[in-house]
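Chemist: Each residue of the sequence shown is one higher than the one before, counting from 3 in my numbering.
Sharing a structure, written as C-alpha coordinates. Questions coming.
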Amino acid sequence: MPLSHILIACECQTPHVTEEEVKAAFVSAYNKLVIEKKEIIANAELIRRTLCDTTSLQEEKRRLESEMAVLVDMVQGCIAENARIAQDQAEYQKRYDGLVAKYDAAKDKYDETVAVISAKEAQSARLTAFTKALRERDGIIEDFDESLWGCMVEHITVGRNKEMTVTFQDGTEIQA
(Lines of atoms letter the chains of each structure in order from A and count residues from 1; the text may use other names and numbers.)
(Lines give C-alpha, C1' and ligand atoms only; values in the text may rest on other atoms or scores of the structure.)
Protein backbone atom coordinates (compact mmCIF):
# COMPACT_ATOMS: atom_id res chain seq x y z
CA MET A 1 0.00 0.00 0.00
CA PRO A 2 1.64 3.25 -1.11
CA LEU A 3 1.65 6.17 1.27
CA SER A 4 1.99 8.76 -1.45
CA HIS A 5 1.16 11.89 0.54
CA ILE A 6 4.45 12.36 2.35
CA LEU A 7 6.60 15.49 2.15
CA ILE A 8 10.13 15.69 3.45
CA ALA A 9 10.71 19.11 5.02
CA CYS A 10 14.49 19.14 4.83
CA GLU A 11 16.32 17.96 1.73
CA CYS A 12 19.64 17.72 3.55
CA GLN A 13 20.04 14.97 6.10
CA THR A 14 16.68 13.50 5.12
CA PRO A 15 15.59 11.13 7.86
CA HIS A 16 14.57 7.60 7.09
CA VAL A 17 11.00 6.93 8.12
CA THR A 18 9.32 3.60 7.85
CA GLU A 19 5.83 2.90 6.66
CA GLU A 20 4.96 1.82 10.19
CA GLU A 21 6.12 5.18 11.59
CA VAL A 22 3.96 7.02 9.06
CA LYS A 23 0.97 4.83 9.88
CA ALA A 24 1.49 5.43 13.62
CA ALA A 25 1.72 9.18 12.99
CA PHE A 26 -1.57 9.09 11.11
CA VAL A 27 -3.33 7.14 13.88
CA SER A 28 -2.01 9.59 16.48
CA ALA A 29 -3.01 12.67 14.48
CA TYR A 30 -6.43 11.26 13.61
CA ASN A 31 -7.13 10.52 17.25
CA LYS A 32 -6.24 14.12 18.13
CA LEU A 33 -8.46 15.36 15.30
CA VAL A 34 -11.58 13.49 16.45
CA ILE A 35 -11.48 15.27 19.81
CA GLU A 36 -12.80 18.34 17.94
CA LYS A 37 -14.92 16.28 15.52
CA LYS A 38 -18.07 18.44 15.48
CA GLU A 39 -16.15 21.67 15.07
CA ILE A 40 -13.90 20.18 12.37
CA ILE A 41 -16.92 18.92 10.41
CA ALA A 42 -18.72 22.27 10.71
CA ASN A 43 -15.62 24.15 9.56
CA ALA A 44 -15.01 21.77 6.64
CA GLU A 45 -18.60 22.15 5.50
CA LEU A 46 -18.35 25.93 5.73
CA ILE A 47 -15.12 25.85 3.72
CA ARG A 48 -16.74 23.60 1.14
CA ARG A 49 -19.83 25.80 0.78
CA THR A 50 -17.81 29.01 0.66
CA LEU A 51 -14.61 28.25 -1.21
CA CYS A 52 -15.88 25.49 -3.47
CA ASP A 53 -18.97 27.32 -4.75
CA THR A 54 -18.88 27.44 -8.55
CA THR A 55 -22.16 29.30 -9.21
CA SER A 56 -20.59 32.49 -10.55
CA LEU A 57 -17.94 30.51 -12.42
CA GLN A 58 -20.61 28.39 -14.10
CA GLU A 59 -22.35 31.61 -15.20
CA GLU A 60 -19.05 32.94 -16.55
CA LYS A 61 -18.48 29.65 -18.38
CA ARG A 62 -21.92 29.89 -20.05
CA ARG A 63 -21.28 33.53 -20.99
CA LEU A 64 -17.94 32.63 -22.55
CA GLU A 65 -19.48 29.70 -24.43
CA SER A 66 -22.07 32.11 -25.91
CA GLU A 67 -19.38 34.65 -26.75
CA MET A 68 -17.28 32.01 -28.49
CA ALA A 69 -20.30 30.75 -30.47
CA VAL A 70 -21.04 34.30 -31.67
CA LEU A 71 -17.39 34.79 -32.63
CA VAL A 72 -17.35 31.49 -34.55
CA ASP A 73 -20.44 32.63 -36.47
CA MET A 74 -18.78 35.99 -37.17
CA VAL A 75 -15.60 34.29 -38.46
CA GLN A 76 -17.61 31.95 -40.66
CA GLY A 77 -19.64 34.92 -41.96
CA CYS A 78 -16.43 36.80 -42.68
CA ILE A 79 -15.03 33.84 -44.62
CA ALA A 80 -18.29 33.32 -46.53
CA GLU A 81 -18.48 37.01 -47.42
CA ASN A 82 -14.90 36.95 -48.68
CA ALA A 83 -15.74 33.94 -50.86
CA ARG A 84 -18.85 35.63 -52.33
CA ILE A 85 -17.80 39.25 -52.67
CA ALA A 86 -14.55 40.63 -54.04
CA GLN A 87 -12.93 42.81 -51.37
CA ASP A 88 -9.62 44.26 -50.29
CA GLN A 89 -7.74 41.20 -48.97
CA ALA A 90 -5.63 43.25 -46.56
CA GLU A 91 -8.81 44.65 -45.00
CA TYR A 92 -10.39 41.16 -44.93
CA GLN A 93 -7.30 39.68 -43.26
CA LYS A 94 -7.30 42.46 -40.65
CA ARG A 95 -10.97 41.84 -39.82
CA TYR A 96 -10.48 38.05 -39.80
CA ASP A 97 -7.40 38.27 -37.56
CA GLY A 98 -9.25 40.58 -35.16
CA LEU A 99 -12.14 38.11 -34.82
CA VAL A 100 -9.77 35.17 -34.35
CA ALA A 101 -7.83 37.11 -31.67
CA LYS A 102 -11.09 37.85 -29.82
CA TYR A 103 -12.04 34.17 -30.05
CA ASP A 104 -8.62 33.06 -28.78
CA ALA A 105 -8.86 35.47 -25.83
CA ALA A 106 -12.35 34.20 -24.97
CA LYS A 107 -11.15 30.60 -25.32
CA ASP A 108 -8.22 31.25 -22.96
CA LYS A 109 -10.61 32.75 -20.38
CA TYR A 110 -12.97 29.81 -20.89
CA ASP A 111 -10.16 27.26 -20.36
CA GLU A 112 -9.04 29.08 -17.19
CA THR A 113 -12.61 29.15 -15.89
CA VAL A 114 -13.12 25.44 -16.58
CA ALA A 115 -9.85 24.63 -14.79
CA VAL A 116 -10.89 26.65 -11.72
CA ILE A 117 -14.32 24.98 -11.70
CA SER A 118 -12.68 21.56 -11.93
CA ALA A 119 -10.29 22.34 -9.08
CA LYS A 120 -13.10 23.63 -6.86
CA GLU A 121 -15.26 20.59 -7.63
CA ALA A 122 -12.37 18.26 -6.81
CA GLN A 123 -11.73 20.09 -3.52
CA SER A 124 -15.45 19.89 -2.72
CA ALA A 125 -15.41 16.14 -3.34
CA ARG A 126 -12.35 15.70 -1.08
CA LEU A 127 -13.98 17.74 1.70
CA THR A 128 -17.24 15.80 1.32
CA ALA A 129 -15.38 12.49 1.63
CA PHE A 130 -13.43 13.90 4.59
CA THR A 131 -16.56 14.95 6.52
CA LYS A 132 -18.37 11.73 5.61
CA ALA A 133 -15.49 9.66 6.97
CA LEU A 134 -15.43 11.70 10.18
CA ARG A 135 -19.20 11.32 10.65
CA GLU A 136 -19.12 7.58 10.09
CA ARG A 137 -16.40 6.92 12.68
CA ASP A 138 -17.03 7.04 16.38
CA GLY A 139 -14.14 7.70 18.71
CA ILE A 140 -10.50 7.00 18.27
CA ILE A 141 -8.91 4.32 16.12
CA GLU A 142 -6.49 1.70 17.36
CA ASP A 143 -5.05 0.57 14.03
CA PHE A 144 -4.17 2.14 10.70
CA ASP A 145 -7.06 2.19 8.20
CA GLU A 146 -6.03 2.58 4.57
CA SER A 147 -9.43 3.82 3.36
CA LEU A 148 -9.55 6.38 6.17
CA TRP A 149 -6.03 7.52 5.25
CA GLY A 150 -7.07 7.91 1.60
CA CYS A 151 -9.97 10.26 2.25
CA MET A 152 -8.55 12.13 5.23
CA VAL A 153 -4.91 12.98 4.51
CA GLU A 154 -3.74 15.75 2.21
CA HIS A 155 -0.09 15.07 3.07
CA ILE A 156 2.36 14.38 5.87
CA THR A 157 5.44 16.50 6.38
CA VAL A 158 8.48 14.82 7.89
CA GLY A 159 10.95 17.10 9.64
CA ARG A 160 14.66 16.75 10.21
CA ASN A 161 14.24 14.87 13.50
CA LYS A 162 11.48 12.60 12.21
CA GLU A 163 8.76 14.82 13.63
CA MET A 164 5.65 14.40 11.50
CA THR A 165 2.85 16.81 10.83
CA VAL A 166 -0.31 15.44 9.25
CA THR A 167 -2.22 17.87 7.05
CA PHE A 168 -5.81 16.74 6.63
CA GLN A 169 -8.06 17.46 3.64
CA ASP A 170 -9.68 20.40 5.42
CA GLY A 171 -6.29 22.05 5.98
CA THR A 172 -6.04 21.10 9.66
CA GLU A 173 -2.43 20.36 10.63
CA ILE A 174 -1.70 18.12 13.59
CA GLN A 175 1.71 17.24 14.99
CA ALA A 176 1.76 13.48 15.45
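Note that beta-carbon positions come from the ideal geometry of N, C-alpha and C, so glycine has one too.
Bear in mind that the values here come from a model prediction, so they are computed numbers and not experimental data.
#1: Taking the continuous alpha helix (DSSP H) assigned at residue 36, which residues delimit it?
#2: Check whether the region 54-71 touches the region 98-114, counting contact only when three or more Cβ pairs, one atom from each stretch, lie closer than 8 angstroms.
#3: Compare the C-alpha of residue 57 against each of 120, 144 and 147 and name the closest.
#4: Pick helix, strand or coil for residue 57, following the three-state DSSP scheme.
#5: When DSSP builds the beta bridges, which residues end up paired with residue 175?
#6: Taking Cβ to Cβ, would you say residue 176 is nearer than 8 angstroms to residue 35?
#7: Have a look at 46, 154, 101 and 100 and flag the residue whose alpha-carbon is nearest the alpha-carbon of residue 1.
#8: Ignore the nearest five residues each way along the sequence and tell me which others in residue 17's own chain have a CB closer than 6 angstroms to its CB.
#9: Given residue 172, which residues of its chain have a CB within under 7 angstroms of its CB, disregarding the five upstream and five downstream residues?
#10: Counting only the same chain and skipping the five closest in sequence on each side, list residues whose C-beta sits under 7 angstroms from that of residue 19.
#11: What number of angstroms, rounded off, separates the C-alpha of residue 23 from the C-alpha of residue 101?
#12: Measure the C-alpha to C-alpha separation of residue 142 and residue 31 and round it to an integer number of angstroms.
#13: Can you find the residues in the same chain that come closer than 7 angstroms, C-beta to C-beta, to residue 118, ignoring five residues on each side of it along the sequence?
Modeler: According to the data block:
#1: For the purposes of this step, residue 36 is identified with residue 34 of the sequence shown, where counting begins at 1. No alpha helix (DSSP H) holds residue 36; DSSP gives it neither H nor E.
#2: yes
#3: In the sequence shown, residue 57 corresponds to position 55, counting from 1. With distances taken between Cα atoms, residue 57 lies closest to 120.
#4: On the sequence shown, residue 57 is found 55 positions in, with the first residue counted as 1. Looking at residue 57 - three-state DSSP - the assignment turns out to be helix.
#5: Mapped onto the sequence shown, residue 175 falls at position 173. Answer is 169, bridged to residue 175.
#6: By one-based count along the sequence shown, residue 176 stands at place 174. By one-based count along the sequence shown, residue 35 stands at place 33. Contact: yes.
#7: A query on residue 1 cannot be resolved here, the shown segment of the chain reaching from 3 to 178 and no further.
#8: In the sequence shown, residue 17 corresponds to position 15, counting from 1. So the list reads 164, once near-sequence residues are dropped.
#9: As a working mapping, residue 172 is identified with position 170 in the sequence shown. Cβ within range, chain order: 42, 45, 46, 49, 129 and 132.
#10: To locate residue 19, count along the sequence shown from 1; it is residue 17. Answer for residue 19: 160 and 164, listed in chain order.
#11: Walking along the sequence shown from the start, residue 23 turns up at place 21. Walking along the sequence shown from the start, residue 101 turns up at place 99. If I take the Cα positions, the gap works out to 60 angstroms.
#12: Position 140 of the sequence shown, counted from the start, is the residue given in the question as residue 142. Position 29 of the sequence shown, counted from the start, is the residue given in the question as residue 31. For residue 142 and residue 31, the distance between alpha carbons rounds to 10 angstroms.
#13: The residue given as residue 118 occupies position 116 in the sequence shown. Taken in chain order, the residues that qualify are 59.
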